[in-house]
Amino acid sequence: MNDDDEEENQASEEVQDYRRDLLLNQMLEAAQATNRAAKLVSNIVARNQDRMFLDKSGRILVNGTLATYRVDMGAFLNKMNNPFDYSSFDQVEIHPKGTLVDQPKTACVQVQINGSMPAYDLLGAYLLGLMNDELTWLQENMGPLRHALYAMYGLRESPLTSSLSEYFFNKYGGLLDNKKNRIILSGTNGWKWRVSFGNPLARGFKIEYSKPRQSWWNDMFEDHLAESSQHYTLCGFFDLVDHLSQSPAILREASEWNTDPIFVRKVAAVYPPLAKKLLTTIESDDYDPSLIQSFYDETITEEEATTVALLDEQIRNMALA
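According to the numbering used here, the sequence shown holds residues 925 to 1245 in order.
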């Protein structure tokens, strides 16, 4: 068969009828799958009527273990009616457990899916994931939910406390002590870090460290936000803990953009391997602390540059001793 015969066969009425029927069946099967999945969602809400509710606007309220969630169905239904609508139910309202507040937190909560999953199956998994939030919020892809729950509750005693303790222990080997308002975790190279959050006058946390073979704690920051350049690695609590868990080792490889310029120098002032590494930078002819950029294209403040210069002198003294 040559190419002309193949083109003629593809254009034949019989072939085209077959292909139209095939397309129709595929669309009907997809519609039937969606219908079954929609009934499944309805059954999920009905079976969990003590934890799932519908308000007068048709939004679904879900009482999780950690918080109460409100899902706007409008955008989701628009997606079902018009697949080319880019909106979806990617923003969920997050309220303190058992209550509704005027200014709730919001987060994009993602559900693990496969490509053949009907949209309503996705919605069902979404609702069950919110209801079982004490499990789902610990998943790797649930960073936005973790940040929103932390922003709402902080580190005080709350429905989040037990699960938060589990998260820090599983991920960092950290111990969260709410009675003493602190978390203790291991860094690298035998270092330990203690982050305290009990001072109501501080904007940030008190950060202390203990080096190998030390049984005591050394001060690094009394109020880390007031005393650092507020680099992004130190601003969010989860980012801070993650950064400390990799320090001091990560600081030896970090570029100026990857860590706080004051934090890295405070560590270097008491950690000779890092001091020797930084000495190359601070001894270069074109080095100027006032030109250090810590936030996108913004240079650090004059006060921060003065702090850096003082720490640089300590580093010189250590490295050249």
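Built from N, CA and C at the ideal position, the CB exists for glycine as well.
- The region 1157-1170 makes no contact with the region 1202-1211: fewer than 3 CB pairs, one atom from each, lie closer than 8 Å.
- According to the DSSP assignment, Ser1089 belongs to the alpha helix (DSSP H) that extends over Thr1085 to Tyr1096.
- Counting along the chain, the unbroken alpha helix (DSSP H) around Glu1227 starts and ends at Glu1226 to Leu1244.
- Comparing alpha-carbon positions, the option among Asn1123, Asn1102, Val986 and Asp1143 lying closest to Lys1116 turns out to be Asp1143.
- A buried status is given to Thr1060, since no fewer than 16 other beta-carbon atoms sit within 10 Å of its beta-carbon.
- Comparing alpha-carbon positions, the option among Leu1149, Gly1111 and Pro1185 lying closest to Tyr1133 turns out to be Gly1111.
- If you ignore the 5 residues before and after Leu1175, its C-beta comes within less than 7 Å of the C-beta of Thr1183, Val1188, Val1191 and Leu1198, all in its own chain and listed in chain order.
- Per the coordinates, the alpha-carbon of Glu1222 lies some 9 Å from the alpha-carbon of Leu1215.
- Note on geometry: alpha-carbon atoms of Arg1080 and Glu953 lie some 51 Å from one another.
- Counting along the chain, Glu1151 sits inside the alpha helix (DSSP H) bounded by residues His1148 to Glu1151.
- In terms of Cα proximity to Ser1082, the closest of Ala1150, Asn1102, Leu1235 and Lys1130 is Asn1102.
- Distance from Ser1153 to Glu1228 at the Cβ level is roughly 5 Å; contact confirmed, criterion being Cβ atoms closer than 8 Å.
- Closest option to Lys1021, judged by alpha-carbon separation, among Leu1051, Thr992 and Gly1078: Thr992.
- The region 1162-1213 contains, as complete alpha helix (DSSP H) runs of 4+ residues, the segments 1185-1192 and 1196-1206 (chain order).
- DSSP places Lys963 within a helical segment (H, G or I) once states are collapsed to three.
- A Cβ-Cβ contact shorter than 8 Å links Glu1058 with Thr989.
- Arg1118 counts as buried, since at least 16 other C-beta atoms from the protein chains shown sit within 10 angstroms of its C-beta.
- Excluding residues up to 5 positions away in sequence, Arg1189, Ala1192, Ala1193, Ala1199, Leu1202, Leu1203 and Ile1206 lie with their Cβ nearer than 7 Å to the Cβ of Ile1239 in the same chain.
- Between the C-alpha atoms of His1071 and Ala962 there is a straight-line separation of about 31 Å.
- Taking the CA atoms as reference points, Met951 sits about 12 Å from Arg943.
- The straight-line gap separating the alpha-carbon atoms of Ser936 and Gln956 is approximately 30 Å.
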